[in-house]
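*Asks:*
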Amino acid sequence: MSNPRFADVTGVILVGGKSRRMGRDKAFLPWQGRPLFEAILAVFRDSFDQVLLVGDDGGRFGAYDVPVLPDLYPGSALGGLYTGLYHARTDYVFAGPCDMPFPSRELLRHLCTVKEGYDAVVPQKHDALETLFTLYGKGCLAPMRQLLESGNFRIYDLYPMVRTRYICGEELERAGGTGKSLVSVNTPEEAAQSLRS
Numbered sequence: 001m002s003n004p005r006f007a008d009v010t011g012v013i014l015v016g017g018k019s020r021r022m023g024r025d026k027a028f029l030p031w032q033g034r035p036l037f038e039a040i041l042a043v044f045r046d047s048f049d050q051v052l053l054v055g056d057d058g059g060r061f062g063a064y065d066v067p068v069l070p071d072l073y074p075g076s077a078l079g080g081l082y083t084g085l086y087h088a089r090t091d092y093v094f095a096g097p098c099d100m101p102f103p104s105r106e107l108l109r110h111l112c113t114v115k116e117g118y119d120a121v122v123p124q125k126h127d128a129l130e131t132l133f134t135l136y137g138k139g140c141l142a143p144m145r146q147l148l149e150s151g152n153f154r155i156y157d158l159y160p161m162v163r164t165r166y167i168c169g170e171e172l173e174r175a176g177g178t179g180k181s182l183v184s185v186n187t188p189e190e191a192a193q194s195l196r197s
């Protein structure tokens with residue numbers, strides 16, 4: 001039985017990366033008998049009424065019956081986040097990368113549950129912020145656009161501009177943000193370590 005879905009959150013999967021360090025399309029790396037991208041797609045379809053893909057499609061995702069939106073500001077993850085949030089019919093989006101082998105349903109649900117009063121809910125593991133398994137609200141649109149139009153593509157610089165809640169320490173552990181749940185694969189070495197274990 002599936003968990004109840006979040007009707008006020010849209011799942012946004014970023015698929016526009018160039019996979020330069022990997023040398024091949026990360027979304028379609030073989031993973032447990034299917035393309036890697038399907039790991040996060042399955043979690044998002046189970047959690048949200050609507051799922052959007054953001055990035056250049058090139059026909060790669062035609063078999064999945066999921067809307068694919070071209071970046072309004074091409075060339076950065078921040079531009080992809082802005083595009084998904086701009087087009088979403090809900091007040092919030094939950095963003096995820098296409099290269100995450102072990103996305104945590106529990107962590108996703110916790111971040112969506114504690115969003116009231118915040119524009120962003122961000123996992124923080126030790127000193128590292130997880131910018132792409134994160135919840136963003138429509139209140140982020142204007143600050144995102146300001147950064148993009150100034151040529152600043154650092155997602156980290158968004159958080160001081162909006163009402164941000166950080167999920168860290170024991171709260172992160174209780175919510176399922178431990179182990180490999182926040183791992184993404186960017187290089188062949190990371191793929192070999194994560195995908196084969």
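Take full-length UniProt numbering: the last position of the sequence shown gets the number 197, and nothing is skipped along the way. From the three backbone atoms N, C-alpha and C, an ideal C-beta is built for every residue, glycine too.
What residue does the alpha helix (DSSP H) around L111 start on, and which one ends it?
*Replies:* The count along the sequence shown starts at 1 and reaches residue 111 at position 111. Note, L111: alpha helix (DSSP H), R105 to T113.
*Asks:* Along the chain, which unbroken stretches of the alpha helix (DSSP H) at least 4 residues long are found entirely within the UniProt domain "MobA-like NTP transferase" (11 to 152)?
*Replies:* 37 to 47, 77 to 87, 105 to 113 and 141 to 149
*Asks:* Does the Cβ of D65 have 16 or more other Cβ atoms within 10 Å, making it buried, or fewer, making it exposed?
*Replies:* Residue numbering aside, residue 65 sits at position 65 when the sequence shown is read from its first letter. So D65 ends up on the exposed side.
*Asks:* Could you check where the beta strand (DSSP E) with R165 kicks off and where it finishes?
*Replies:* On the sequence shown, residue 165 is found 165 positions in, with the first residue counted as 1. Start and end: T164 to I167.
*Asks:* Should P4 go down as buried or exposed, given a rule of 16 or more other Cβ atoms within 10 Å for buried?
*Replies:* Along the sequence shown, read from residue 1 onward, the residue named residue 4 stands at position 4. Classification of P4: exposed, given that the 10 Å Cβ count is below 16.
*Asks:* Count the other CB atoms within 10 Å of the CB of H110; is the residue buried (16 or more) or exposed (fewer)?
*Replies:* Here residue 110 corresponds to residue number 110 of the sequence shown, with the count starting at 1. By the neighbour-count rule (16 or more Cβ atoms within 10 Å), H110 is buried.
*Asks:* Taking Cβ positions, are L132 and G96 nearer each other than 9 Å?
*Replies:* As a working mapping, residue 132 is identified with position 132 in the sequence shown. As a working mapping, residue 96 is identified with position 96 in the sequence shown. Their beta carbons are under 9 Å apart, which means L132 touches G96 by this criterion.
*Asks:* Among V122, I167 and E173, which one has its Cα closest to the Cα of Y156?
*Replies:* For this step, residue 156 is matched to residue 156 along the sequence shown. Just measuring C-alpha positions, the residue of V122, I167 and E173 sitting nearest Y156 is V122.
*Asks:* Let me make sure I understand the geometry here. Which of V162, L158 and P101 has the alpha-carbon closest to that of D119?
*Replies:* For the purposes of this step, residue 119 is taken as residue 119 along the sequence shown, with counting starting at 1. Nearest C-alpha to D119: V162.
*Asks:* Using 8 Å as the cut-off, can you tell me whether the stretch 126 to 142 makes contact with the stretch 80 to 96, which would need three or more C-beta pairs spanning the two stretches below that distance?
*Replies:* yes
*Asks:* Does the Cβ of P67 have 16 or more other Cβ atoms within 10 Å, making it buried, or fewer, making it exposed?
*Replies:* Taking the sequence shown and counting its residues from 1, the one referred to as residue 67 is at position 67. P67 sits exposed, since fewer than 16 C-beta atoms from the chains shown fall within 10 Å of its C-beta.
*Asks:* Tell me whether T134 is buried or exposed, calling it buried when 16 or more other Cβ atoms sit within 10 Å of its Cβ.
*Replies:* By 1-based counting over the sequence shown, the position of residue 134 is 134. Around the beta carbon of T134, 16 or more other beta carbons lie within 10 angstroms, which makes this residue buried.
*Asks:* Among the candidates E130, S47 and G75, whose CA atom is the shortest distance from the CA of T10?
*Replies:* What you label residue 10 is simply residue 10 of the sequence shown in a count that begins at 1. When only C-alpha atoms are compared, the closest one is S47.
*Asks:* Here's the rule: buried if 16 or more other CB atoms are within 10 angstroms of the residue's CB, otherwise exposed. What is G16?
*Replies:* Locating residue 16 in the sequence shown gives position 16, where the first residue counts as 1. Around the beta carbon of G16, a 10 Å sphere encloses 16 or more other beta carbons of the protein chains shown; the residue is thus reported as buried.
*Asks:* With a threshold of 7 Å on Cβ separation, who are the neighbours of residue 209 within its own chain once the five nearest residues in sequence on each side are excluded?
*Replies:* No statement about residue 209 is possible, as the shown extent of the chain runs from 1 to 197 and does not include it.
*Asks:* Return the chain-ordered list of same chain residues with a C-beta closer than 6 Å to the C-beta of S184, the five sequence neighbours on each side being excluded.
*Replies:* As a first step, residue 184 must be located in the sequence shown, where it is residue number 184. Counting only Cβ-Cβ distances below 6 Å, and skipping sequence neighbours, we find P97, D99 and M100.
*Asks:* Ignore the nearest five residues each way along the sequence and tell me which others in L129's own chain have a CB closer than 7 Å to its CB.
*Replies:* Sequence index remark: in the sequence shown, residue 129 carries index 129 (1-based). For L129, the CB contacts under 7 Å within the same chain, skipping 5 residues up- and downstream, are V122 and Y156 in chain order.
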